[in-house]
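So the structure is just underneath, and the comments pick up after that.
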Amino acid sequence: MRYSKMFIPTLREAPADAEAISHILMVRAGFVRQLAAGLYIFLPLGWRVLDRIDAILKEEMESIGAQEISMPILHPAEIWQQTGRWDVIGDEMFRLKDRTERDFCLGMTHEEIMTWLASREIRSYRDLPQVWYQIQTKLRDEARPKSGVLRTREFIMKDSYSFDATEEGLDKNYQLHAGAYHRIFGRCGLKFLQVESDPGMMGGGYSHEFMAPSPAGEDEVALCDGCGYSANVELALSAPLPNETVDWPYEEAHTPEKRTVKEVSNFLKVNPSYFIKSILVITEQGPVLALVRGDQELHEKKLSGVVGSHRPAQKTEVKEILGVEAGFIGPMGHSIRVIADPCLKDGLFIAGANKQHYHIRGVKADRDFNAEWHDIHIAKSGDMCSCGKPLHVERVIEIGNIFKLGTKYSSALNAVFLDENGVEKPIIMGSYGIGPARIAAAAIEQNNDKDGMIWPRSIAPFDVELIPLNMNDEKTVETAEMLYKALSSERIEVLLDDREERAGVKFKDADLIGIPTQIIIGEKNLREGLIEIKDRKTKELTKIKVEEVVEKARQLLAGL
RNA sequence: CGGGGCGUAGCGCAGUUUGGUAGCGCGCACGGUUCGGGACCGUGAAGUCGGAGGUUCAAAUCCUCUCGCCCCGACCA
């Protein structure tokens, strides 16, 4: 491809409304343009990257026996109504009507439609297993699109679905997908982790996420260096470091106007980890008191798992229900349901005295209060893994996920088969997603420097960039054209910067768009029959003979 | 949805406090000189000041409403 013929609108300055590095660089390097919040246009370079990612996805999916199909994006409401998600999902679903007032939605994902197809076509255990996938646009009316291409309202997803007669079959397809995903992300040059995740609204019981470490990510995972435990903090289990044993009598402490853990902790000169944080929430079954240690945060989702949906109590409600101002609440002497984090089980603590301006020292679980014990705190760096080693928490971009769905969708849509004994059973399903644009963004987040992007070879928009410095020098142009043809004939993807630009401009643009290898053709070197190969990542320059260029490029591509 | 910020030329911004004929840098077009890390000189084109309404002799500037974009949070199949 000739640079002069290609649309690569690079920008000298960073766009004002971009924050994430990948976002800034994608815009600056002319890979994408924004149409509206959460809607992006992929320009030629950006689209080439997605193409290469898609090629890897297809190869690896085919290698585990998945078959590519293509599903509509416009879905009739009835199917989503049958699984209940038409009502469960709120504003995030784009809904519309056709000219006859029939309800439709735009597909956020394709469990329903895939299952519908299976329900019509699969009859017998002999038809199973099946694995179908597509690389297709999804639409979600995100509450807050952000970080460029990382969270958008319209995006492409590789989604596959497995259909099995048995749990063992599902397990096998699940593992096959996990393996394929490892190969895919590895080939795309990403650092990534597989972590346990919360299946959420997908239903089913078992799922993992694939995460690319990056400060631009929206998720956090807890990792153990000791045993390899890794989980999304949404469900990560951890134990905080235990407190030193103290020998406090049960006694009141006057704590005038000291309400927060921090205030009381400073006032009494006792570390926050010796406090019980009492949080009143209102559930559908009434008020519940949640207790975590003073140095911890309450994990809303974990608590929801125990008490169902809930909201924090208002100040007036605290006063009404517990008879004391928020800030001086303690777990003692209440008749409402109490859920406590297990780290409060042993040792003595300080808690609110249920009396204005007083706290109590020496509070002991099971003696001074009773509670149901559940892990309801947010795991944080420094907490202990169940193996006894410390955990650390890392920010990540979710680039893929795998779910065991079970029969949630097949039961709802009557996708059944007859087994060997002629017994009708629901098909057992799995669902597996990957976001190609997130792979691209994660690759940039993980590989860049002050000059621009540094693409992994496998997904770079081109394999090499040819940079003839002086387009007015006949020999330079001649050599560039010759190398362009020679490299292209080796099926190497070449970008030839044939623009009438000064060397500096070409160098800057080349570094910005980040093609991994630059071949620089300069007048002076050429007189000695030499050209330079520059590695974008290391900036290392190597002079080689013109005749050796093709062989050298071939080696680089082969990873030698 | 709650909180905050911002909408002025293709891009990045100043001008708004204190109303008085819209500016800078980059980019773009043309001419010349340059030519291995975003050149220089000259000339030029380009703006409904997000939109609507209002106040005023006069509004980018003041008032009201509205739309859009970004960030934090909530939400996130």
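Those letters in the first sequence? Residues 2 to 561, by my numbering.
The beta-carbon is built from N, C-alpha and C at its ideal position, and this holds for glycine as well.
Asked                                                                                                                                                                                                       : Found
Given that a residue counts as buried once 16 or more other Cβ atoms are within 10 Å of its Cβ, and exposed if not, what is L300?                                                                           : What sits at residue 300 in the sequence shown is His, not Leu. Looking at its Cβ environment, which holds 16 or more other Cβ atoms inside 10 Å, H300 is buried.
Do you know offhand how far C1's Cα is from R127's?                                                                                                                                                         : Within the shown structure, residues of the chain are numbered from 2 to 561, placing residue 1 beyond reach of any answer.
May I ask which residues mark the beginning and end of the alpha helix (DSSP H) holding D52?                                                                                                                : 45-64
Report all residues from its chain with a CB closer than 6 angstroms to the CB of G523; omit the five preceding and five following residues, and keep chain order.                                          : L470
Look at L323 and L292 and say whether their C-beta atoms are less than 8 angstroms apart.                                                                                                                   : no
Between the Cα of P457 and the Cα atoms of G436, L542, A559, which residue gives the shortest distance?                                                                                                     : A559
Kindly provide the ranges of any beta strand (DSSP E) runs that are 3 or more residues long and lie completely inside the segment 421-478, ordered along the chain.                                         : 425-427, 429-435, 465-469
Are the beta-carbon atoms belonging to L304 and I340 less than 8 angstroms from one another?                                                                                                                : yes
Nearest to F156 by alpha carbon, out of D165, G170, K139?                                                                                                                                                   : K139
What first and last residue would you give for the beta strand (DSSP E) that runs through M158?                                                                                                             : 155-165
Which residue from Q519, I532, I435, T261 puts its Cα closest to that of K1?                                                                                                                                : With the chain covering 2 to 561 only, the question about residue 1 has no answer from this structure.
Three-state secondary structure (DSSP) at N272?                                                                                                                                                             : coil
If D498 sits next to L467, beta carbons under 8 angstroms apart, how far is it from one beta carbon to the other, in whole angstroms?                                                                       : 7 angstroms
Applying the criterion that 16 or more other CB atoms from any shown protein chain within 10 Å of the CB defines a buried residue, is D99 buried or exposed?                                                : exposed
Excluding five sequence neighbours on each side, which residues of the same chain lie with their C-beta closer than 7 angstroms to the C-beta of K259?                                                      : V265, F268
In whole angstroms, what separates the C-alpha of H111 from that of K426?                                                                                                                                   : 22 angstroms
Output yes or no for whether 8 angstroms exceeds the beta carbon distance between S231 and Q135.                                                                                                            : no
Is H358 closer than 8 angstroms to I351 when the C-beta atoms are compared?                                                                                                                                 : no
With a Cβ-Cβ cutoff of 8 angstroms, do D55 and P437 count as a contact?                                                                                                                                     : yes
Whose C-beta lies closer than 7 angstroms to the C-beta of A354 among residues of the same chain, with five residues either side of it excluded?                                                            : E253, F329, G331, H360, I361
For the putative contact between R537 and Q519, defined by C-beta atoms under 8 angstroms, what is the C-beta separation to the nearest angstrom?                                                           : 6 angstroms
If you follow the beta strand (DSSP E) that M212 is in, where does it begin and where does it stop?                                                                                                         : 207-214
Alpha carbon to alpha carbon, how far is R145 from I398?                                                                                                                                                    : 16 angstroms
Give me the Cα-Cα distance between L419 and T167, rounded to the nearest whole angstrom.                                                                                                                    : 12 angstroms
Using 10 angstroms around the beta-carbon of Q35, count the other beta-carbons present and answer buried if the total reaches 16, otherwise exposed.                                                        : buried
Are the Cβ atoms of D569 and P241 separated by less than 8 angstroms?                                                                                                                                       : Outside the shown range of the chain, which is 2 to 561, sits residue 569, and nothing can be said about it.
Is it true that the segment 46-60 meets the segment 439-458, where meeting means three or more beta-carbon pairs spaced less than 8 angstroms apart?                                                        : yes
What does the alpha-carbon distance come out to for the pair A573 and N526?                                                                                                                                 : Nothing about residue 573 can be read from this structure; the chain reaches only from 2 to 561.
How many Å lie between S279 and T261 at the Cα?                                                                                                                                                             : 10 angstroms
Whether or not the segment 392-408 and the segment 362-378 are in contact is what I'm after, with contact meaning three or more pairs of Cβ atoms, one per stretch, closer than 8 angstroms; do they touch? : no
Around the C-beta of L12, are 16 or more other C-beta atoms found within 10 angstroms, so that it is buried, or is it exposed?                                                                              : exposed
Can you tell me which of P343, R124, S64 puts its alpha carbon nearest to the alpha carbon of E421?                                                                                                         : R124
I'd like to confirm the pairing. Which residues does DSSP put opposite Y359 in its beta bridges?                                                                                                            : H255, K356
For I516 and V495, I'd like the C-alpha separation in whole angstroms.                                                                                                                                      : 10 angstroms
Nearest to Y1 by CA position, among E501, G295, N449, T543, is which residue?                                                                                                                               : A question about residue 1 goes unanswered here, because the residues of the chain that appear run from 2 up to 561.
For E61 versus A179, is the C-beta distance shorter than 8 angstroms?                                                                                                                                       : no
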